[in-house]
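Enquirer: Submitted below is the structure of interest, expressed as structure tokens.
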Amino acid sequence: MNLKEEISMKTLTLKSYALKMTALFLGVVLFASCSKDKKDGPSGYPKDVQVEYKVTSVANVTSGEVIYDNETGARTTINPAALPFSKKMTVKVKAGDVLSMSFYTGTSGTVKLELLVDGKVVDSKTPSSSGSSIYDVVSYGFE
């Protein structure tokens, strides 16, 4: 075997090795990136959760309009709602459901809005205004 043939054989062996390593690498990546398909929806749904909506005055607000999602999925409006306001309930939720509460008042000041699920604060806002009104929303989506 001459030098040219020997170099050609080594090059071919190197290319073959590189091709095998590339194929192995791609196989590992593809295998690792595959996940088990979910045939059912997210586990644990539908489920009952304890929901609490809270509005408290931080400064100068005594009442306002509260609109929240109730136990049946409909909206409940309380106007005027005296502050502090709190509503606790048990709600059956499905994956993808969203619960929310909004607050509006035509006065200036500061309020704190909280949405709790199973005793944990999942959304909280503290809107304030030195102008003529306050409006904000807290919400939570179940995944």
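Number 935 marks the last residue of the sequence shown (my numbering); no jumps.
Virtual Cβ for every residue (Gly too), placed ideally from N, Cα, C.
Using the beta-carbon count (16 or more within 10 Å), is Asp910 buried or exposed?
Expert: Under this definition Asp910 is an exposed residue.
Enquirer: On a CA-only basis, which of Val843, Ile859, Asn794 and Ala866 is nearest Pro872? Give me that one, please.
Expert: Ile859
Enquirer: Suppose you measure from the CA of Gly923 to the CA of Met893; what does that come to, to the nearest Å?
Expert: C-alpha of Gly923 to C-alpha of Met893: approximately 22 angstroms in a straight line.
Enquirer: Quick one, which of Lys839, Met881, Ala866 and Val847 has its alpha-carbon nearest Ser916's?
Expert: Val847
Enquirer: Bridge partners of Leu905, per DSSP?
Expert: Val847 and Lys917
Enquirer: What ranges does the beta strand (DSSP E) occupy inside the stretch 852-894, keeping only unbroken runs of at least 3 residues that lie completely in it?
Expert: 855-861, 867-874 and 877-885
Enquirer: Which residue comes first and which comes last in the beta strand (DSSP E) that contains Gly933?
Expert: For Gly933, the enclosing beta strand (DSSP E) has its first and last residue at Ile926 to Gly933.
Enquirer: Compare the beta carbon distance of Val890 and Val841 with 7 angstroms and say whether it is the shorter of the two.
Expert: no
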